[in-house]
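Presented below is the structure to which this report refers.
Protein chains in written order, with my numbering: chain D, 5 to 114; chain X, 608 to 720.
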């Protein structure tokens, strides 16, 4: 089954404790992306990757890092999380302009 | 920059009622337009799309027509069901390499039996 998976689905952490949210897709897509969803704001792009070793900033990249060492994986890294990064995070992958989304990771930073 | 404006919700309808959720956009060039649906506790699923002016996207009884003259992509369904209760997002994608989706803020639909 074609899918995008994310782990963990839920995470509660404290300010400053580094964390990684993993994302994996099995569709052999070159393009992958991270979004965050906040009430009243819809989804906003954090980072995207056109291919292995090619990443670039989206609209809200501050406080986040990404890496793309393999085509299927695109982890999101928060080196020093802060409460304003409490949000619902979605990973997506795409072969054309149609994007497929993962189930989401709900992150709470206290 | 690009933007998408949706009608605010929640929209509450009775089963079998007609649904319209308005969506207008601002973009340079000729974006592709999408409707995504998010059921409670789940991720986003593509509902329908249109890639050029006058295209009509349709799926599961939902329809939307790409209207360039009014920069709109309104979502319609003739007869809603309780199972259609969800949050609906209108989005556009430019044709640059970035492929970022610009989303509206979402409209929550509640269908009552």
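Just so you know, even glycine gets a beta-carbon here, dropped at the ideal spot from N, CA and C. Note that this is a predicted model, so its numbers are computed, not measured.
What does residue i touch in chain X if you count any residue whose Cβ is under 9 Å from its own?
{"i": "residue 102 of chain D", "result": "639, 641, 653, 656 and 700"}
Does DSSP put residue i in a helix, in a strand, or in coil?
{"i": "residue 70 of chain D", "result": "strand"}
{"i": "residue 629 of chain X", "result": "coil"}
{"i": "residue 89 of chain D", "result": "helix"}
{"i": "residue 712 of chain X", "result": "coil"}
{"i": "residue 690 of chain X", "result": "helix"}
{"i": "residue 84 of chain D", "result": "coil"}
{"i": "residue 707 of chain X", "result": "coil"}
{"i": "residue 684 of chain X", "result": "strand"}
{"i": "residue 610 of chain X", "result": "strand"}
{"i": "residue 99 of chain D", "result": "coil"}
On the DSSP letters alone, give me the boundaries of the beta strand (DSSP E) that residue i sits inside.
{"i": "residue 6 of chain D", "result": "Taken as a continuous stretch (DSSP letters only), residue 6 of chain D belongs to no beta strand (DSSP E), as it is neither H nor E."}
{"i": "residue 110 of chain D", "result": "109 to 113"}
{"i": "residue 17 of chain D", "result": "14 to 17"}
{"i": "residue 78 of chain D", "result": "Run containing residue 78 of chain D: none; DSSP gives neither H nor E here."}
Could you name the residues of chain D that residue i contacts, counting a contact when the two beta carbons are closer than 8 Å?
{"i": "residue 707 of chain X", "result": "37, 49, 52, 62 and 63"}
{"i": "residue 696 of chain X", "result": "46 and 47"}
Which chain D residues sit within Cβ distance under 9 Å of residue i?
{"i": "residue 712 of chain X", "result": "43, 44, 45 and 46"}
Residue i versus chain D: which residues are under 7 Å apart at the beta carbon?
{"i": "residue 650 of chain X", "result": "94, 105, 106, 107 and 108"}
Give me the chain X residues within the contact set of residue i, using Cβ-Cβ distance strictly less than 7 Å, ordered along the chain.
{"i": "residue 84 of chain D", "result": "Chain X residues near residue 84 of chain D: none, gap ~25 Å exceeds 7 Å."}
With residue i and residue j assumed to form a contact (beta carbons below 8 Å), what rounded beta-carbon distance in angstroms separates them?
{"i": "residue 699 of chain X", "j": "residue 640 of chain X", "result": "5 Å"}
{"i": "residue 611 of chain X", "j": "residue 695 of chain X", "result": "Actually they do not touch by this definition, with Cβ atoms about 12 Å apart."}
{"i": "residue 86 of chain D", "j": "residue 17 of chain D", "result": "No, residue 86 of chain D and residue 17 of chain D are not in contact; Cβ-Cβ is about 11 Å, not under 8 Å."}
{"i": "residue 53 of chain D", "j": "residue 78 of chain D", "result": "6 Å"}
{"i": "residue 96 of chain D", "j": "residue 8 of chain D", "result": "7 Å"}
{"i": "residue 62 of chain D", "j": "residue 707 of chain X", "result": "6 Å"}
Residue i touches chain X at which residues, Cβ-Cβ below 8 Å?
{"i": "residue 98 of chain D", "result": "706"}
Check whether chain C comes within 9 Å of residue i, counting only Cβ atoms and requiring the distance to be less than that.
{"i": "residue 680 of chain X", "result": "In summary, chain C is missing from the structure at hand, where the protein chains are D and X."}
Compute every distance between the C-beta of residue i and the non-hydrogen atoms of the ligand PLP, then say whether any falls below 8 Å.
{"i": "residue 33 of chain D", "result": "Although the ligand PLP was asked about, the structure shown includes no ligands whatsoever."}
Every unbroken beta strand (DSSP E) within the stretch 27 to 66 of chain D, with a cutoff of 3 residues, ordered by chain: 35 to 42, 46 to 55 and 58 to 61
Contained beta strand (DSSP E) runs [length at least 3] in the stretch 612 to 678 of chain X, N- to C-terminal order: 618 to 621, 626 to 628, 630 to 633, 639 to 645, 651 to 657, 663 to 666 and 669 to 672
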